[in-house]
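Asks: Numbering (numbering that gives the first Met the number 0), first residue to last: 0 to 450.
Note that CB positions come from ideal geometry on N, CA and C, so glycine has one too.
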Amino acid sequence: MPGPSQSRVTVIVPPSAAGSRELLASLDRQTLPAADFEILVGDDERSPELTARLEDIARHRTNLVRVPVTDGAEDALLARATGEYVVGVPAGRSLTPTALAVLSELADTTGADLVAGLTGRVGVRPETPQDPAGALPATAGRLRRRASTSAADLADDLAAAPAEAGAAAVTTLCFLDAPDTADPATPADVAEPVAAAEATWRDGVLHLTFAASGPVRASVYSAATGVEWPLGEGTVDGGNVSFGLDPEDVPGLGPLPTGTWWPTLRVGDAGAPALVEATAARAHGATFRDRTTVSFVEDRRLGLDVGAGARQPIRRLDPARTTVVEDSRGSLLTSPIRNLDLAPGARVTGWLRLGKMPVVAWLEDVDGTGTVLRAWVSGLAGESTLHTRFGRAPYAPVGARLVIDGVGAMTVAPAGKDAPAPAAAPAPEVEAAPASKARRLAGRALRSVRG
């Protein structure tokens, strides 16, 4: 383990990557404390502007050092490293927030001199899903034990040379390559979407069923990181194939990283990847476990918001099934919500907003009804559009409004375009004045103007 004056990890940035703002920003986001790693940035001093910027950054970052280099940058940078481990980051590459913590922990637990982490390509789907039991992709990034690392090893890492077969694999994304600097391999074509017959949450798992013939492989894909993970074998029942997607336990990976993931199918031995087609009314829902994961539909394509950072679990209330019951404690709104999965005995607290006024709301399971939304509501006579918030995402409308009449009775009605258009009221009939009387009044008005 590192001594009291020794960094845990040294991150080495070559001159070709010294100007990368994205790389430096990704190092700022590391979960490993800044005191536990140092950043050595090689500067060939060919750009006075870059040199000045690096000097300014070094004055404000206690763990960053600008290292002037000429030829043999690897020797100079390695000689300045004080960390127990070194990570060489080639140009065009950045780190995921947990990369340094995950890689160093694996090196500690295995005692290996070299460990490797997966590298994704932003916005680019790989040819095939990552095989957790297979060889590491050639683009995998490396962390090495400094005592056994040579300048030639570091040069390979900084040149993004293919990963070594003996490296211990990390089944977690650790590095990201920008599309314009990544390997130019052509991604697989995307086939026509495959319609889902079922997309239902039960017991923390999203159950997906498709009508398909022949072998079917399912996976989940992140466009933000270019990583695709297999879901394991499906269950065949006649002409249907079913898969279970547990966002907290993906085979070979464990919990899915937070963000947006797209369920994907490959039908046939050489089938191209296809997204899942679904309707929001059937597929939108959520599971509430250690994290909240929302299933949503965008352009009729099924996606998962792991961590519920962008979407709300409740898409719509059904006014016909929503009641407001008044008793001595107040007015309790109750609305059954389909496709929400709660842990046994759980009660999830959030917010229901009545117009601009938020009130505490909660979700709970009711025998014979399923999951319901409840909240104590109040207000003056009028109408309030309803929004909900359960999780980090902003409030979202639920297609309903609370209506309070003049005596305080409350009902829930459709909102906006969902509300039935009111019948046009007939124009009031104005009784026509007799013609002779009209002429006398007009003449009187004209004489008054003339004086």
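1. Please name the residue or residues paired with valine 219 in a DSSP beta bridge.
2. Mind checking which residues open and close the alpha helix (DSSP H) that includes arginine 79?
3. Name the one or two DSSP bridge partners that arginine 352 has.
4. To the nearest whole angstrom, what separates the beta carbons of arginine 7 and glycine 82, a pair I think is in contact under 8 Å?
5. Identify whether glycine 119 lies in helix, strand or coil by the three-state DSSP scheme.
6. Using alpha carbons as the reference points, say which of Ala360, Val371, Leu207 and Gly203 lies closest to proline 479.
7. Quick check: the Cα distance between threonine 97 and valine 226, rounded to an integer number of angstroms?
8. What would DSSP say about proline 246, mapped onto helix, strand or coil?
9. Which stretch, first to last residue, makes up the alpha helix (DSSP H) that contains serine 103?
10. Determine the direct distance from the alpha carbon of arginine 20 to that of proline 13, and round the result to whole angstroms.
11. Since glutamate 325 is in the beta strand (DSSP E), which residue starts that stretch and which ends it?
12. Which runs of the alpha helix (DSSP H), 4 residues or longer, sit entirely within the stretch 6-32?
13. Following the continuous beta strand (DSSP E) through arginine 299, name the residue where it begins and the one where it ends.
14. Pop quiz: threonine 286 and tryptophan 200 are said to be a contact at Cβ under 8 Å. What is the actual Cβ separation, rounded to whole angstroms?
15. Taking the CB atoms as reference points, tell me whether arginine 288 and alanine 360 lie closer together than 8 Å.
16. Roughly how many angstroms lie between the CA atoms of threonine 322 and leucine 172, to the nearest whole one?
17. Name the DSSP beta bridge partners of serine 93, please?
18. Quick one: what does DSSP say serine 147 is sitting in, helix, strand or coil?
19. Hey, how far is the Cα of aspartate 35 from the Cα of valine 101?
20. Could you tell me which of Ala196, Ala57 and Gly390 sits nearest to threonine 278, measuring between CA atoms?
21. Run the CB neighbour count on leucine 76, radius 10 Å, all protein chains shown included, and call it buried at 16 or more, exposed below.
22. Histidine 59: buried (16+ other C-beta within 10 angstroms of its C-beta) or exposed?
23. In angstroms with no decimal places, state the Cα-to-Cα distance between arginine 143 and threonine 292.
24. Buried or exposed: which applies to aspartate 298, given that a residue is buried once 16 or more other Cβ atoms fall within 10 Å of its Cβ?
25. Around the Cβ of proline 419, are there at least 16 other Cβ atoms within 10 angstroms (buried) or fewer (exposed)?
Replies: This is what the structure holds:
1. The residue given as residue 219 occupies position 220 in the sequence shown. Answer by DSSP bridge pairing, in chain order: Trp228 and Pro262.
2. Start at 1 with the first residue of the sequence shown, and residue 79 comes out as number 80. Unbroken alpha helix (DSSP H) run through arginine 79: 72-79.
3. Your numbering for residue 352 matches position 353 in the sequence shown. According to DSSP, which records beta bridges pairwise, arginine 352 is partnered with Pro357 and His386.
4. Mapped onto the sequence shown, residue 7 falls at position 8. Mapped onto the sequence shown, residue 82 falls at position 83. About 6 Å separates the two Cβ atoms, so the contact holds.
5. Residue mapping note: residue 119 aligns to position 120 of the sequence shown, counting from 1. For glycine 119, the secondary structure class from DSSP, reduced to helix, strand or coil, is strand.
6. No information on residue 479 is available, as it lies outside the stretch 0 to 450 that the chain covers here.
7. For this step, residue 97 is matched to residue 98 along the sequence shown. For this step, residue 226 is matched to residue 227 along the sequence shown. Using only the alpha carbons, I get a separation of about 16 Å.
8. Position 247 of the sequence shown, counted from the first residue, corresponds to residue 246. Reduced to three states, the DSSP call for proline 246 is coil.
9. Locating residue 103 in the sequence shown gives position 104, counting from the first residue. Residues 98-109.
10. By 1-based counting over the sequence shown, the position of residue 13 is 14. By 1-based counting over the sequence shown, the position of residue 20 is 21. In a straight line, the C-alpha of proline 13 is about 14 Å away from that of arginine 20.
11. Here residue 325 is taken as the residue at index 326 of the sequence shown, counted from 1. 322-326 is the span of the beta strand (DSSP E), which, as asked, contains glutamate 325.
12. Complete alpha helix (DSSP H) runs here, min 4: 20-27.
13. Along the sequence shown, read from residue 1 onward, the residue named residue 299 stands at position 300. Premise fails: arginine 299 is in no beta strand (DSSP E) and is neither H nor E.
14. For the purposes of this step, residue 286 is taken as residue 287 along the sequence shown, with counting starting at 1. For the purposes of this step, residue 200 is taken as residue 201 along the sequence shown, with counting starting at 1. About 5 Å separates the two Cβ atoms, so the contact holds.
15. Position 289 of the sequence shown holds residue 288. Position 361 of the sequence shown holds residue 360. No, the pair does not count as a contact, with Cβ atoms beyond the cut-off.
16. Translated into the one-based positions of the sequence shown, residue 322 becomes position 323. Translated into the one-based positions of the sequence shown, residue 172 becomes position 173. Going by the C-alpha atoms only, they are around 47 Å apart.
17. As a first step, residue 93 is located in the sequence shown; it is residue number 94 there, counting from the start. DSSP output for serine 93 lists Leu175 as bridge partner(s).
18. The residue labelled residue 147 in the question sits at position 148 within the sequence shown. Helix.
19. For the purposes of this step, residue 35 is identified with residue 36 of the sequence shown, where counting begins at 1. For the purposes of this step, residue 101 is identified with residue 102 of the sequence shown, where counting begins at 1. Those two C-alpha atoms are separated by around 13 Å.
20. In the sequence shown, the residue the question calls residue 278 occupies position 279. Ranking Ala196, Ala57 and Gly390 by Cα distance to threonine 278 puts Ala196 first.
21. Your numbering for residue 76 matches position 77 in the sequence shown. The residue in question, leucine 76, is buried, as its Cβ has 16 or more Cβ neighbours within 10 Å.
22. Position 60 of the sequence shown, counted from the first residue, corresponds to residue 59. With a threshold of 16 other beta carbon atoms within 10 Å, histidine 59 falls short and is exposed.
23. Counted from its first residue, the sequence shown places residue 143 at position 144. Counted from its first residue, the sequence shown places residue 292 at position 293. C-alpha separation (whole angstroms): 36 Å.
24. On the sequence shown, position 299 is the one that residue 298 refers to. Classification for aspartate 298: exposed.
25. Translated into the one-based positions of the sequence shown, residue 419 becomes position 420. Any answer about proline 419 is weak, because its pLDDT of 48 lies below 50 and its placement is not dependable; what the coordinates show is given next. Exposed: under 16 other Cβ atoms inside 10 Å.
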